[in-house]
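In our numbering, the protein residues as written are 884 to 1293. What follows is one structure encoded as structure tokens, with my remarks underneath.
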């Protein structure tokens, strides 16, 4: 399976902390991955990760020194994915061990989330294992996903890619018949670990963030090159219900098209706003918030908030249950979306990317644009009507003269 999207190892992107949450106390409940939050890790979780590594090494018939040796080859690139301050007082050996312990545990729970460990797949954990025992996987799922999508709490993809070469993970990957998940959180994990990416994301959230814009723009849609075009967002666009009342219809794009496929199509007497399908599930709020915080952090490095721009557009279209109903009826929103207006409201104040600036402008100018589009048609109809009236008047006069002459002869 192959997939291509985004730049290769974008050097502007690093695994950085979202400082607004650094002191929130959430790490009493979450698993720690990487150096950014290592001081907040609970001892029993650190020990559990080490036991998991021992299990994986045994199943892969690999020793820890051999594994660390393979990580040494990529250490420089792996370190470059973190900000310098995160790696203070972490020497070479400590860094390699950190990547091995946290990276292997990250991969292990990722495969569990994708369904490995279900009937027919034997991982040989004891039934009473505190993390992977019977019933524990489902119970821990929420915590695992919250940990994996916590901004700054990430493992570099280059490390995960190297660890995936362990026999244990190769067997999991090749012996399963994979089907792309519908849920956005699971799909991001699937794209990261199962598909063969020609161009590499920095980490899991970077992979997630790329899924929202998509890889295609659709026919007839031009994505502008980033420039200095400033988007006037002092006035929000009308909601979906209001646009519907103005005669604007909505159409769901093909499933492979993301926000880059959004376009506003003007017909002779109607208009259609084409939007990507947005599936809502149990973890939608989690991943949406993850993308928002991630793009705030990366925005400081000059990276355009393309995913947040789309979610901001959705937040303006969806302000009430009636708006959800309108978009659901057209197949744009799929799933249980009762809470959508609430958590999308967090995108107020986000600056739109240039492509969606153009779309927003077209929506706002719709009545005026419709008039100008039909002005020539209306002019043509008026001129044609005038000519027809002249012809009819001429014919009427001609028949009148003929009738008069006919009466004169008789």
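No residue lacks a Cβ here, since even glycine has one placed at the ideal position from N, Cα and C. These figures come from a predicted structure and were not determined experimentally.
Cβ-Cβ distance between residue 1034 and residue 1203 below 8 Å: Mapped onto the chain shown, residue 1034 falls at position 151. Mapped onto the chain shown, residue 1203 falls at position 320. Result no, Cβ atoms of residue 1034 and residue 1203 do not sit closer than 8 Å.
Buried or exposed (CB count within 10 angstroms, at least 16 for buried), residue 902: As a first step, residue 902 is located in the chain shown; it is residue number 19 there, counting from the start. In summary, residue 902 is exposed, with fewer than 16 beta-carbon neighbours lying within 10 Å of its beta-carbon over all protein chains present.
Per-residue DSSP class, three states only, for residue 1183: In the chain shown, residue 1183 corresponds to position 300, counting from 1. Residue state, collapsed to three classes: coil.
Reduced DSSP secondary structure (H/G/I, E/B, other) of residue 1158: Here residue 1158 refers to the residue found at position 275 when the chain shown is read from its first residue. Secondary structure of residue 1158 (DSSP, three-state): strand.
Assigned exposure category for residue 1163 - 16 Cβ within 10 Å defines buried: Within the chain shown, residue 1163 is the residue found at index 280, counting from 1. Looking at its Cβ environment, which holds 16 or more other Cβ atoms inside 10 Å, residue 1163 is buried.
Buried or exposed (CB count within 10 angstroms, at least 16 for buried), residue 1175: Translated into the one-based positions of the chain shown, residue 1175 becomes position 292. Under this definition residue 1175 is a buried residue.
Range covered by the alpha helix (DSSP H) that runs through residue 1146: In the chain shown, residue 1146 corresponds to position 263, counting from 1. Note, residue 1146: premise wrong, no alpha helix (DSSP H); beta strand (DSSP E) at 1146-1149.
Start and end residues, beta strand (DSSP E) containing residue 1082: The count along the chain shown starts at 1 and reaches residue 1082 at position 199. Per DSSP, residue 1082 belongs to no beta strand (DSSP E) and is neither H nor E.
Backbone secondary structure at residue 1045 - three-state DSSP: The count along the chain shown starts at 1 and reaches residue 1045 at position 162. Looking at residue 1045 - three-state DSSP - the assignment turns out to be helix.
The segment 938-957 / the segment 1040-1057 touching (three or more Cβ pairs under 8 Å): The segment 938-957, when compared against the segment 1040-1057, does touch it at the 8 Å Cβ threshold.
Close Cβ partners of residue 1123 (< 6 Å) along its chain, the five nearest in sequence each way excluded: On the chain shown, residue 1123 is found 240 positions in, with the first residue counted as 1. So the qualifying residues of the chain are 1200, 1206, 1209 and 1210.
Segments assigned beta strand (DSSP E), at least 3 residues, entirely inside the segment 884-939: Segments of the beta strand (DSSP E) lying fully in the segment 884-939: there are none.
Residue 1140, DSSP secondary structure in three states: Within the chain shown, residue 1140 is the residue found at index 257, counting from 1. Strand, per DSSP.
DSSP bridge partner residues for residue 965 (one or two, in chain order): The residue given as residue 965 occupies position 82 in the chain shown. Within the DSSP secondary-structure output, residue 965 pairs in a beta bridge with 898.
Extent of the continuous beta strand (DSSP E) to which residue 1133 belongs: Reading the chain shown from its first residue, position 250 is the one you call residue 1133. Unbroken beta strand (DSSP E) run through residue 1133: 1131-1135.
CB of residue 1171 within 8 Å of CB of residue 1032, strictly: Working through the chain shown from its first residue, we reach residue 1171 at position 288. Working through the chain shown from its first residue, we reach residue 1032 at position 149. The answer is no: Cβ separation not under 8 Å.
Residue 916 and residue 985 closer than 8 Å at C-beta: Position 33 of the chain shown, counted from the start, is the residue given in the question as residue 916. Position 102 of the chain shown, counted from the start, is the residue given in the question as residue 985. The Cβ-Cβ distance between residue 916 and residue 985 falls below 8 Å.
Contact under 8 Å by Cβ, residue 939 with residue 979: Position 56 of the chain shown holds residue 939. Position 96 of the chain shown holds residue 979. In this structure, residue 979 does not lie closer than 8 Å to residue 939 by Cβ.
Simplified DSSP state of residue 1383, which is helix, strand or coil: No answer is possible for residue 1383: it lies beyond the span of the chain, which begins at 884 and ends at 1293.
Distance CB(residue 983)-CB(residue 936) smaller than 8 Å: To locate residue 983, count along the chain shown from 1; it is residue 100. To locate residue 936, count along the chain shown from 1; it is residue 53. Yes. Within cutoff.
Endpoints, alpha helix (DSSP H) assigned at residue 975: Position 92 of the chain shown, counted from the first residue, corresponds to residue 975. Start and end: 975-996.
Candidates 1096, 1056 and 1068, of which the one nearest residue 1078 by Cα: Numbered from its first residue, the chain shown carries residue 1078 at position 195. Per the Cα distances, 1056.
Buried versus exposed call for residue 1142 [16 or more other C-beta atoms within 10 Å across all chains shown]: Here the question's residue 1142 lines up with position 259 in the chain shown. Residue 1142 is buried by the Cβ-count criterion.
contact_flag[the segment 1067-1077, the segment 1149-1169] where n(CB pairs < 8 Å) is 3 or more: By the Cβ test, the segment 1067-1077 is in contact with the segment 1149-1169, since at least three Cβ pairs between them sit closer than 8 Å.
Terminal residues of the beta strand (DSSP E) in which residue 1225 lies: Here residue 1225 refers to the residue found at position 342 of the chain shown. Counting along the chain, no beta strand (DSSP E) covers residue 1225; the unbroken alpha helix (DSSP H) around it starts and ends at 1223-1227.
Rounded distance between the beta-carbons of residue 981 and residue 1045, thought under 8 Å: By one-based count along the chain shown, residue 1045 stands at place 162. By one-based count along the chain shown, residue 981 stands at place 98. Contact annotation, residue 1045 with residue 981: C-beta distance approximately 14 Å; criterion of less than 8 Å not satisfied.
Reference residue 920, options 899, 1014 and 932, closest by Cα: Your numbering for residue 920 matches position 37 in the chain shown. Selection 899, 1014 and 932 evaluated against residue 920 yields 899 as nearest (Cα-Cα).
Inter-residue Cα distance where the pair is residue 1272 and residue 1266: Here the question's residue 1272 lines up with position 389 in the chain shown. Here the question's residue 1266 lines up with position 383 in the chain shown. The alpha-carbon atoms of residue 1272 and residue 1266 are separated by roughly 10 Å.
The alpha helix (DSSP H) enclosing residue 1246, as first and last residue numbers: Stepping through the chain shown from its first residue, residue 1246 is reached at position 363. Note, residue 1246: alpha helix (DSSP H), 1237-1247.
Straight-line Cα distance separating residue 896 from residue 962: Working through the chain shown from its first residue, we reach residue 962 at position 79. Working through the chain shown from its first residue, we reach residue 896 at position 13. One Cα belongs to residue 962, the other to residue 896, and the distance between them is close to 13 Å.
Minimum C-alpha distance to residue 1120 - residue among 972, 1231 and 1058: The residue labelled residue 1120 in the question sits at position 237 within the chain shown. Nearest C-alpha to residue 1120: 1231.
Given residue 1153 as reference, the closest of 1062, 1132, 1242 and 1038 once Cα atoms are compared: To locate residue 1153, count along the chain shown from 1; it is residue 270. For the residues 1062, 1132, 1242 and 1038, the minimum Cα distance to residue 1153 belongs to 1132.
C-beta contact flag for residue 913 and residue 1026 at 8 Å: Residue 913 sits at position 30 when you count from the first residue of the chain shown. Residue 1026 sits at position 143 when you count from the first residue of the chain shown. With a cutoff of 8 Å on beta-carbon distance, residue 913 and residue 1026 are scored as near each other.
Residue 1014 in three-state terms, based on DSSP: Along the chain shown, read from residue 1 onward, the residue named residue 1014 stands at position 131. Note: residue 1014 maps to coil in three-state DSSP.
Residue 1013 versus residue 1218 - alpha carbon distance: Here residue 1013 refers to the residue found at position 130 when the chain shown is read from its first residue. Here residue 1218 refers to the residue found at position 335 when the chain shown is read from its first residue. Spanning the two alpha carbons is a distance of roughly 33 Å.
Residue burial classification, residue 976 (beta-carbon count within 10 angstroms, cutoff 16): On the chain shown, position 93 is the one that residue 976 refers to. Flag for residue 976 reads exposed.
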